[in-house]
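Undergrad: From first to last, the protein sequence lines are chains A and B.
At position 80 of the first sequence the residue is numbered 80 (the working numbering), and the sequence of numbers has no breaks.
Start counting at 1 in the second sequence, then tack on 1000, and there's your number in the working numbering.
The following block contains the structure, expressed as structure tokens.
Number of protein chains: 2
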Amino acid sequence: MARQGLTRADVIQAAIEMIESEGLHNFSLRELAGRLHIKAASLYNHIRNMDELYTEIGYYVISELKKVQLGAIAGKQRAEAVKALADAYYRFGKERPELYKVILSLPMVKNDAIHRAGFDIVEPIMSAMSGYRLTGEQMMHLQRVFRSIMHGFISQEEAGCFRQFPVDVGDSYQMAVRGFILLLENSEKEARK
Amino acid sequence: MARQGLTRADVIQAAIEMIESEGLHNFSLRELAGRLHIKAASLYNHIRNMDELYTEIGYYVISELKKVQLGAIAGKQRAEAVKALADAYYRFGKERPELYKVILSLPMVKNDAIHRAGFDIVEPIMSAMSGYRLTGEQMMHLQRVFRSIMHGFISQEEAGCFRQFPVDVGDSYQMAVRGFILLLENSEKEARK
DNA sequence: TACAATATACTAACGCCGTTAGTTTATCAG
DNA sequence: CTGATAAACTAACGGCGTTAGTATATTGTA
């Protein structure tokens, strides 16, 4: 068949769209190929294998997440910045749940470029916390705590683990964020000692 | 071939062992059958399908988790109980990471029995928090926050997402738990008003 | 004890999957 | 215009979960 000027970027873009519309666990190279009017084997002219494709998509997701987070905290300080950061993260997870799940499959690959993605995840968090007077070491721990809360909340809500009680999930989320801000304030006091 | 008195429980037990030793994403019905000296098709005499098997394993995991948690908090109160609860959860996640991952695949199934598992997850948390003077509504929110922190931390550490900084992951964990206890104390003050 | 029913195993096959090897063909560079 | 390269193809491999149909050993009952 005649070639159609398909690029690596086209393949990745189509994969992203397929994951968002069909769900991550319904994704397959064969159907992706079909969407591009190509046979599955031809995909290997553009990507090395499925893992590499996921890695590429993971980079995209992380960069998108970073973008909305940096936009959200711009011009804000302290609790306001942290709330805005969390809200942006939460909204991203709710609006693009299937894409969000790709992040988790990322770190399994042993790749140097992972480090870049790692710092892209951390940077907005560090930036949002910068208004607090914390030591570097505290910030390294606290960004892990922040990510734990956010990821844990988003993935469990998405999985349907929060349906047990008749209380609003949004209220639970607010409490989680409040807890992190309490921890920030408490850590600040500790640092000043 | 002659039958060998294989039971449904044997199949589930072998599946659990295979997941723990080979990893969840290396699990397959064909290899499970091989371990039981059976053909894959014969498994269907004992289980309806793979989803049902995962569900069954999920119940096992949740009951094991509940067991160690209840044991850990026995005779303890307030912060001490919550710390013991978190430690038991954390230890379980670190010691049996592949089995822990099964929990996440559980809620996708629409099953009434899920409710039972749901309460088994919640019960030890509610019990550990019972020493705090909280409203019922607060406790419903707070158990979600607790599960978010713990699940988020465990799954991200396991996925290798916490390798970026040269600070001890155990210390980050301690900080996360401290944050939750701060939130508990703060919520208690709010409730007393 | 003999027979019928049931439970447990089997073989064979279907339609997916990711991936590789080898081949053809269109485009582009010199 | 020609040769090289890039992008498509066909065919196949070994894996997967699952189903249909069949044989046989055990179990419960008459």
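By construction, the Cβ of each residue, glycine as well, lies at the ideal position given by its N, Cα and C atoms.
Owing to the predicted nature of the structure, the values given are computational and were not obtained by experimental measurement.
#1: For the region 140-152 of chain A against the region 1151-1159 of chain B, do three or more pairs of beta-carbon atoms, one drawn from each stretch, fall closer than 8 angstroms, so that the two count as touching?
#2: What would DSSP say about A/Gln143, mapped onto helix, strand or coil?
#3: The region 1156-1170 of chain B: which residues have C-beta closer than 7 angstroms to a C-beta of chain A, in chain order?
#4: Would DSSP call B/Met1001 helix, strand or coil?
#5: I'd like to know if A/Ile19 contacts chain B, where contact means its C-beta is closer than 8 angstroms to some C-beta of that chain.
#6: Count the other C-beta atoms from every protein chain shown that fall within 10 angstroms of the C-beta of B/Thr1007, then say buried if there are 16 or more, exposed otherwise.
#7: Is there a C-beta anywhere in chain A that falls below 8 angstroms from the one on B/Ile1073?
#8: The region 143-155 of chain A: which residues have C-beta closer than 9 angstroms to a C-beta of chain B, in chain order?
#9: To the nearest angstrom, report how far apart B/Asn1045 and A/Met140 are at their CA atoms.
#10: Cutting at 6 angstroms between CB atoms, please list the residues of its own chain near B/Lys1076, excluding the five before and the five after it.
#11: Nearest CA to the CA of B/Glu1020: which residue from B/Met1050, B/Lys1101 and B/Ala1074?
#12: State yes or no: is the beta carbon of A/Gly93 nearer than 8 angstroms to at least one beta carbon in chain B?
#13: Alpha helix (DSSP H) containing B/Ser1105: first to last residue?
#14: Would A/Leu134 pass as a contact of B/Leu1182 if the rule is Cβ separation under 8 angstroms?
#15: Applying the criterion that 16 or more other CB atoms from any shown protein chain within 10 Å of the CB defines a buried residue, is B/Phe1119 buried or exposed?
#16: Can you pull the chain A neighbours of B/Glu1137, defined as C-beta to C-beta under 9 angstroms?
#17: Against A/Asn186, what residues of chain B qualify as contacts under a CB-to-CB distance less than 7 angstroms, listed in chain order?
TA: So, to answer that:
#1: yes
#2: helix
#3: Gln1156, Ala1159, Gly1160, Cys1161, Phe1162, Gln1164, Phe1165 and Val1167
#4: Its pLDDT being 48, under 50, B/Met1001 is placed unreliably in this model, and the value from its coordinates should be taken loosely. Three-state DSSP puts B/Met1001 in coil, outside helix and strand.
#5: no
#6: Its Cβ having fewer than 16 others within 10 Å, B/Thr1007 is exposed.
#7: no
#8: So the list reads Gln143, Arg144, Val145, Arg147, Ser148, Ile149, Met150, His151, Gly152, Phe153, Ile154 and Ser155, given in the order they occur along the chain.
#9: Cα to Cα, the separation comes out at about 52 angstroms.
#10: Ala1084
#11: B/Lys1101
#12: No, A/Gly93 lies away from the interface with chain B (no Cβ there is under 8 angstroms from its Cβ).
#13: Pro1097 to Ser1105
#14: No, they are not a contact pair.
#15: exposed
#16: Phe165, Val167 and Asp171
#17: Per Cβ cutoff of 7 angstroms: Leu1182.
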